[in-house]
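> Here the sequence shown stands for residues 1 to 99, where the numbers follow the working numbering.
Here's a structure for you.
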Amino acid sequence: GIRGELIELNSEVWDVQAYYIAQAAVQATLLYRPQVIVFGGGVMAQEHMLKRVRDKFTALLNGYVPVPDVTEYIVTPGVSENGSATLGNFALAKKVSER
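So this is what it looks like as structure tokens:
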């Protein structure tokens, strides 16, 4: 494989990735009706991916069910460089240690 940062921004690879991520968001929306969907990780760290995923999500959902504004509904973590995962791991460890 090729590292994501080495793939050209106009490569169709990004559209394929965005399509599958958007499919996951549609399924989560239809099954669980979350208030917000947060996607993290290396692929979503690419600046152009969030818009691609939102656009694909909107097209796939096609107004089937109402959702909040997509810019507030599908987001990336609020802590940079995977810090949200680190904070979450510490919170989980604290919770487990208090049992």
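For every residue, glycine included, the Cβ atom is placed at its ideal position computed from N, Cα and C.
So isoleucine 74 packs on arginine 54, CB below 8 Å; how close in whole Å?
The Cβ separation is near 5 Å, so the contact holds.
> Could you give the DSSP three-state label for isoleucine 21: helix, strand or coil?
Helix at isoleucine 21.
> Give a yes or no on whether the C-beta atoms belonging to histidine 48 and leucine 6 are separated by under 8 Å.
No, these two residues do not count as a Cβ contact at 8 Å.
> So is phenylalanine 90 buried or exposed if we call it buried at 16+ other beta carbons inside 10 Å?
When all chains shown are included, phenylalanine 90 counts as exposed.
> Give me the DSSP bridge partner(s) of isoleucine 112.
The requested residue 112 is not part of the displayed model; the chain covers only 1 to 99.
> Just the Cα atoms here: how many angstroms apart are lysine 51 and lysine 94?
Going from the Cα of lysine 51 to the Cα of lysine 94 covers about 35 Å.
> Just checking my contact of glycine 70 with phenylalanine 57 at CB under 8 Å: how many whole Å lie between their CB atoms?
For the sequence presented, residue 70 should be read as valine rather than glycine. So it is a contact: roughly 6 Å between Cβ atoms.
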